[in-house]
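Written out as structure tokens, the structure is:
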């Protein structure tokens with residue numbers, strides 16, 4: 022069996038003396054593992070085509086679909102080197118890749134999820150604020166995996182105005198008038214998650230509330246097993262980085 026498809030590198034680890042076990046997210050075949058030859062290139066590790074986040078054209082071949090098979094590849098688009106020296110951009114990429122790598126089943130086509138992940142990486146390349154880009158992607162991955170939040174209107178009244186909360190039980194928005202009496206039990210909803218507008222001014226408190234909101238539903242529906250502890254730790258470290266640099270307000 023064989024196929025050729027574009028794919029984003031998710032993970033590599035040594036497999037014997039001459040090979041790497043490489044896992045990619047492909048456009049048409051889903052998450053797929055395979056074997057690649059170890060490159061003899063001794064340059065900076067960030068220049069490797071198999072650097073996680075890079076987009077390549079992969080060809081996979083094996084006698085049976087159940088076998089690992091062998092990947093050959095050609096670069097399509099690599100991450101800019103300066104991204105690796107931007108701490109926030111690099112951390113957001115690492116967390117997003119960890120979520121994809123650890124949660125998706127293998128060999129299950131997911132074209133929409135792939136396209137949204139690809140768009141996230143492309144946006145990250147040019148984003149002045151990788152945190153906003155990342156949090157909007159977290160909303161998207163919840164939707165792609167079947168757990169999307171309804172932030173368009175109030176779940177009680179149907180109003181489109183003054184949406185301020187999200188119910189932790191239903192994942193639906195609640196207006197400020199309705200939600201005030203249950204303020205302590207509801208999750209705060211930052212406006213930029215509703216508008217999905219990268220040009221809106223965003224406060225540090227908005228960022229913290231957004232992390233709490235998307236994090237709650239990620240842990241409830243997706244990252245809810247012991248094997249996801251490292252991914253959750255990476256996510257917490259990303260938030261800690263923001264706190265440590267005392268970011269008061271982010272503007273594009």
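In this note's numbering, the protein residues as written are 22 to 273. Even for Gly, the Cβ is constructed at its ideal location relative to N, Cα and C.
Cβ neighbour criterion (16 or more within 10 Å) applied to residue i
i: residue 23; result: exposed
i: residue 204; result: exposed
i: residue 120; result: buried
i: residue 60; result: exposed
i: residue 159; result: buried
i: residue 211; result: buried
Residue i CB to nearest heavy atom of the ligand MG below 7 Å
i: residue 197; result: Looking at this structure, you won't find the ligand MG or any other ligand, since it has none at all.
For residue i: DSSP bridge partner residues
i: residue 256; result: In DSSP, residue 256 forms no bridge with anything.
i: residue 56; result: 42, 91
i: residue 33; result: 43
i: residue 51; result: 47
i: residue 177; result: Note: residue 177 sits in no beta bridge, so no partner.
i: residue 116; result: None; residue 116 has no bridge partner.
i: residue 82; result: 23, 91
i: residue 98; result: 76
Proximal residues to residue i (C-beta, below 7 Å), its chain only, five neighbours per side dropped
i: residue 274; result: This structure does not reach residue 274, given that the chain is present from 22 up to 273, and the question cannot be answered.
i: residue 213; result: 153, 221, 223, 227
i: residue 170; result: 160, 163, 187, 192, 238
i: residue 180; result: 174, 196
Cβ-Cβ distance between residue i and residue j below 8 Å
i: residue 54; j: residue 109; result: no
i: residue 25; j: residue 78; result: yes
i: residue 234; j: residue 255; result: no
Nonlocal neighbours in the same chain, by C-beta distance under 6 Å from residue i, ignoring five residues either side
i: residue 30; result: 45, 71, 73, 75
i: residue 94; result: 77, 79
Cutoff 8 Å; reference residue i; Cβ partners in own chain excluding five residues on either side
i: residue 258; result: 112
Any alpha helix (DSSP H) of 4 or more consecutive residues that is wholly inside the segment 186 to 268 = 197 to 200, 212 to 216, 225 to 242, 250 to 265
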